[in-house]
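Going by the working numbering, the sequence shown opens with residue 967, and the numbers climb by one from there.
Glycine included, every Cβ here is placed at the ideal spot set by N, Cα and C.
Values in this document were obtained by computation on a predicted structure and should not be read as measured data.
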Amino acid sequence: MSNFPGPVRSRFAPSPTGYLHIGGARTALFAWLAARASGGCFILRIEDTDRERSTEASVRAILDGMSWLGLDHDEGPYFQSQRMARYAEVAEKLLGKGLAYRCYCSRERLDGLREAAMAAGEKPRYDGYCRNRQEPVEGIEPVLRFRNPDDGAVVFDDRVRGRIEISNEELDDLVIMRADGTPTYNFAVVVDDIDMQVNLVIRGDDHINNTPRQINIYRALGADVPDFAHVPMILGDDGSRLSKRHGAVSVLAWREQGYLPDALLNYLARLGWSHGDQEVFSRADLVELFSLEAVNRKASRFDTAKLNWLNQHYLKSAAPEQVLAELAWHMGRVGLDPVNGPPLADLLKVQADRVETLVEMVEQSRPFYADFESFDEQAAKKHLRPVAAEPLQALRQRLADLASWEPDELQQAVQATVDDLSIGFGKLGMPLRVALMGHGMSPAINHTLWLIGRDRSLTRIDRALDYIARRVEQS
Ligand code: GLU
């Protein structure tokens, strides 16, 4: 049973003035879950009325981030910049009904009001001076203000924060259209949410003070007021507001750091929402279990260690197609071509347990796809010594003759070699690692051989034997 009885029409409405950041992505996820859980509709709307600060690149980054996370929308993307005529039309309607008025007040006058309020220790507010002005003022392009009700209060039950009540005395007459004919945020957002029949507004709690003003505009327009859910912000692990200083903030930067979309999504859902002490949630679990009422009212702290833990969990358990597509993308980024080495599915099997991110996985897998230039000096000095020549030689012979190149057979070949020579495993294992990888770190030796493949393994053992021979000559 979903926690959303009727079909929810929710939306994500980012302003394209930067990348899709982690807080925005979480808001989007909650809105998406509400729509999916209720068999409703998830709308994407780009709030690009601020032409100075909105960029194409940011629109792209938002769309890419959403699609990487798999937060698909059913309607949109709508662009506010394409709806200007509609805002003007609705503004005109309010004007006609006397619910909005033209304001000609000069900057100086407004500044004066603000300063006087500040000096008196009060909240700055417009005094309604133009409410009753009859005549236009020559040479001044007016703004349009909403006539906020004088009496009464706005009350709403926030789905996260609970009951909120604000007296209308505290609200002033808000500018809804600027002198240049563009709408302000509070007006455009209401016109859009009405036109798009949004019945649940989920957004960051930095907007909570706007909501009573918006509710008054809904009422003035005779529209149904949607439900609201204001979700708290995300803090860095030191408790201060999450910023670049804490590492990646943009969703796509997390991708670049080697995280899987399902891991990040699971992590974001858990950040500020809980269901008992369960930590791992598939998308289907989230759709089934998510409820706004269980969203935390307090800001949540980002915890990279937990995200890493989840990421490793998904590396090991997510559907291979998803992981392999990401893995291939990461290989491409560092110039490695999967055709030059083992199938990525084999690589994943071996490496998933050993790393927390795909970036680590790719870094540690380079020798499976490309030859290394030279041996790590220290490792070679320590392990590629004359005593290693005989075991390497003997193993080489066995490997060349091996009927099948599979982990079990490879393990037996290494074991048989050390048994024959009556030496400890490490006497062959370490030189072999350095021979194959160029340094002393690798997965289990049989898996390492398996991934590198026969031809490349033999060539690399020969190269190590050469190195040892030269070392003998030089000494
Ligand atoms: N464009 C606003 C923002 O990015 C959206 C606020 C809302 O969802 O109403 O903060």
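- Residue pairing by DSSP places M1143 opposite L1110 and P1149 in a beta bridge.
- For R1073, the closest C-alpha among the options E1088, I1106 and V1126 is that of I1106.
- Secondary structure of F1268 (DSSP, three-state): coil.
- Within the region 1015 to 1040, the complete alpha helix (DSSP H) segments at least 4 residues long are 1022 to 1035, listed from N- to C-terminus.
- Note: D1124 is bridge-paired with G1128 in the DSSP secondary-structure output.
- Counting C-beta pairs closer than 8 Å gives fewer than three between the region 1421 to 1436 and the region 1382 to 1395, which falls short of the contact rule.
- For secondary structure counted as the alpha helix (DSSP H) over 4 or more consecutive residues, the region 1356 to 1384 holds no complete run.
- At a Cβ-Cβ threshold of 8 Å, V1197 and G1238 count as neighbours.
- Around the C-beta of M1143, 16 or more other C-beta atoms lie within 10 Å, and the residue is accordingly described as buried.
- When rounded, the separation of the alpha-carbon atoms in I1132 and A1250 is 38 Å.
- T983 is classed as exposed because its beta carbon has fewer than 16 other beta carbons within 10 Å across all chains shown.
- Secondary structure at I1427: helix, using DSSP grouped into helix, strand and coil.
- According to DSSP, A1435 shares a beta bridge with no other residue.
- In the displayed model, P980 falls within coil according to three-state DSSP, outside both helix and strand.
- Following the DSSP letters along the chain, one finds F1194 inside the beta strand (DSSP E) bounded by residues D1193 to V1197.
- Burial check for Q1046: the Cβ neighbour count within 10 Å reaches 16 or more, so the residue is buried.
- In chain order, L1079, R1080, A1083 and M1084 place their CB closer than 8 Å to the CB of P1090, counting only its own chain and leaving out the 5 sequence neighbours on each side.
- DSSP places Y1044 within a strand segment (E or B) once states are collapsed to three.
- Checking the 7 Å criterion, the Cβ of A1195 is out of range of every heavy atom belonging to ligand 1.
- Following the DSSP letters along the chain, one finds Y1335 inside the alpha helix (DSSP H) bounded by residues R1332 to Y1335.
- When DSSP states are grouped into helix, strand and coil, G1170 belongs to the strand group.
- Sequence-distant partners of P1286 (beyond 5 residues in either direction) whose C-beta falls short of 8 Å from its own C-beta, in its chain, are A1311 and L1314.
- In this structure, DSSP gives V1164 a state outside helix and strand, which the three-state scheme calls coil.
- With contacts defined by Cβ atoms closer than 8 Å, Q1317 and P1409 form a contacting pair.
- In the DSSP assignment, H987 forms a beta bridge with S1216.
- Taking the Cα positions, R1099 is about 21 Å away from A1054.
- Three or more pairs of CB atoms, one per stretch, sit closer than 8 Å, so the region 976 to 992 contacts the region 1005 to 1015.
- The region 1396 to 1404 and the region 1288 to 1295 do not touch, with fewer than 3 CB-CB distances between them shorter than 8 Å.
- Between ligand 1 and the CB of A1001, the shortest heavy atom gap is not smaller than 7 Å.
- For R1299, the closest alpha carbon among the candidates P1373, L1234, V1246 and E1222 is that of E1222.
- Within the model, the alpha-carbon separation for L1273 versus G1036 is close to 18 Å.
- At a threshold of 7 Å, A1430 does not count as near ligand 1, since its beta carbon sits no closer than that to any of the ligand's heavy atoms.
- The beta carbon of A991 is closer than 7 Å to those of G1031, L1035, V1217 and L1234 in its chain, skipping five residues each way along the sequence.
- Taking all protein chains in view, the Cβ of D1228 is crowded by 16 or more other Cβ atoms within 10 Å, so the residue is classified as buried.
- DSSP, read as helix, strand or coil, puts F996 in helix.
- Shown here, V1261 sits in a strand according to DSSP, grouped into three states.
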